[in-house]
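So the structure is just underneath, and the comments pick up after that.
Residue numbers (mature numbering (1 follows the signal peptide of the UniProt record, and there is no 0)): -27 to -1, 1 to 236.
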């Protein structure tokens, strides 16, 4: 009996250390999105509940890859009210330290966030609020925030895979029509921050350009400007059209695209 109790105690300690260790990452299984040959996109399609999810602001210290990935979580589990927002601070603490200055400017690929989050639990915003601060005199040490909360306690929401989509428009439309926002890593031009409405014609090959992550919540057609993505940014509601953008569809802007598994 003593031997059994000792084994159980050691197992419990090992699990606790695994959960608390900042580098303990379990493998995620990426799946490639296969579009049926018979699929024909609609002219327009928008995820119906999109307006219920508030536009969040990453400020100077957040990560657009993390914010966009958490956006997809919010929609998948329909978490859109107050304390039921999923914490962005928790992954920033564990991933942001690796990105340093790039966290604030050219962000990482969302696949790194998906691999980190996969098969792990989450915390709600009220338990681990977004508190990251950028110190102008110490960008390389202050972006990660101060929270030390466990990665393995919280909401009870898990998944162990994610979908990789070819960044071509047809594949992205297929994913959206399967009731999933697309987490897109995109290259933007230097005029992006000045957008206030209408269909935006991005010029990703001009200089300067930057790489950020957004979520694509739908697609439509404008009589004058053609086809566009309905994009949700994470720069707060004062940017763009209350935090949203109509982005003209092209084959150069979207670099990589991902989604959570369908329900």
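Each residue gets a CB set at the ideal place from its N, CA and C atoms; glycine is no exception.
Whole angstroms is fine: what's the gap from residue 172's alpha carbon to residue 206's?
-> On the chain shown, residue 172 is found 199 positions in, with the first residue counted as 1. On the chain shown, residue 206 is found 233 positions in, with the first residue counted as 1. So the two alpha carbons sit approximately 15 Å from each other.
Given a threshold of 16 other Cβ atoms within 10 Å of its Cβ, counted over all protein chains shown, does residue 191 qualify as buried or as exposed?
-> Taking the first residue of the chain shown as 1, we reach residue 191 at position 218. The residue in question, residue 191, is buried, as its Cβ has 16 or more Cβ neighbours within 10 Å.
Opposing strand residues paired with residue 199 [DSSP bridges] | The count along the chain shown starts at 1 and reaches residue 199 at position 226. Looking at the DSSP assignment, residue 199 forms a beta bridge with 195.
Does the distance from the CB of residue 175 to the CB of residue 226 come in under 8 Å?
-> The residue you call residue 175 lines up with position 202 of the chain shown. The residue you call residue 226 lines up with position 253 of the chain shown. For residue 175 and residue 226, yes; Cβs fall inside 8 Å.
According to the Cβ coordinates, are residue 235 and residue 28 closer than 8 Å?
-> Mapped onto the chain shown, residue 235 falls at position 262. Mapped onto the chain shown, residue 28 falls at position 55. Contact flag unset, no.
Could you please give the first and the last residue of the uninterrupted alpha helix (DSSP H) stretch that includes residue 37?
-> Counted from its first residue, the chain shown places residue 37 at position 64. Element bounds for residue 37: 37 to 49.
DSSP three-state call for residue 182: helix, strand or coil?
-> As a position in the chain shown, residue 182 is number 209, starting the count at 1. Residue state, collapsed to three classes: strand.
Quick one: any contact between the segment 37 to 55 and the segment 1 to 17, if contact means 3 or more CB pairs under 8 Å?
-> no
Which stretch, first to last residue, makes up the beta strand (DSSP E) that contains residue 159?
-> Here residue 159 corresponds to residue number 186 of the chain shown, with the count starting at 1. Segment 155 to 162, the beta strand (DSSP E) holding residue 159.
Closer than 8 Å by C-beta to residue 215: which residues in its own chain qualify, once you throw out the five before and the five after it? Chain order, please.
-> Here residue 215 refers to the residue found at position 242 of the chain shown. 28, listed in sequence order.
Taking the DSSP output, what are the residues bridged to residue 3?
-> On the chain shown, residue 3 is found 30 positions in, with the first residue counted as 1. Residue 3 pairs with 135.
Measuring alpha carbon to alpha carbon, tell me which of 185, 62, 143 ends up nearest residue 162.
-> Position 189 of the chain shown, counting from 1, holds the residue named residue 162. Taking only the C-alpha atoms, the option nearest residue 162 is 185.
Beta carbon of residue 6, beta carbon of residue 138: below 8 Å?
-> Locating residue 6 in the chain shown gives position 33, where the first residue counts as 1. Locating residue 138 in the chain shown gives position 165, where the first residue counts as 1. Their beta carbons are under 8 Å apart, which means residue 6 touches residue 138 by this criterion.
Is it true that the CB of residue 82 sits closer than 8 Å to the CB of residue 179?
-> Stepping through the chain shown from its first residue, residue 179 is reached at position 206. Stepping through the chain shown from its first residue, residue 82 is reached at position 109. Against a cut-off of 8 Å, the Cβ pair of residue 82 and residue 179 comes out as no contact.
Compare the C-alpha of residue 38 against each of 63, 26, 52, 84 and name the closest.
-> Sequence index remark: in the chain shown, residue 38 carries index 65 (1-based). Looking at the Cα atoms, 84 is the closest of the given residues.
For residue 65, which option in 193, 101, 153, 143 has the closest C-alpha, if you only look at C-alpha atoms?
-> The residue you call residue 65 lines up with position 92 of the chain shown. Minimum Cα distance to residue 65 is reached at 101.
Would you call the CB atoms of residue 42 and residue 156 closer than 8 Å?
-> In the chain shown, counting from the first residue as 1, residue 42 sits at position 69. In the chain shown, counting from the first residue as 1, residue 156 sits at position 183. Going by C-beta atoms, residue 42 is nearer than 8 Å to residue 156.
Considering only the beta carbon of each residue, do residue 61 and residue 147 sit closer than 8 Å?
-> Walking along the chain shown from the start, residue 61 turns up at place 88. Walking along the chain shown from the start, residue 147 turns up at place 174. Contact flag unset, no.
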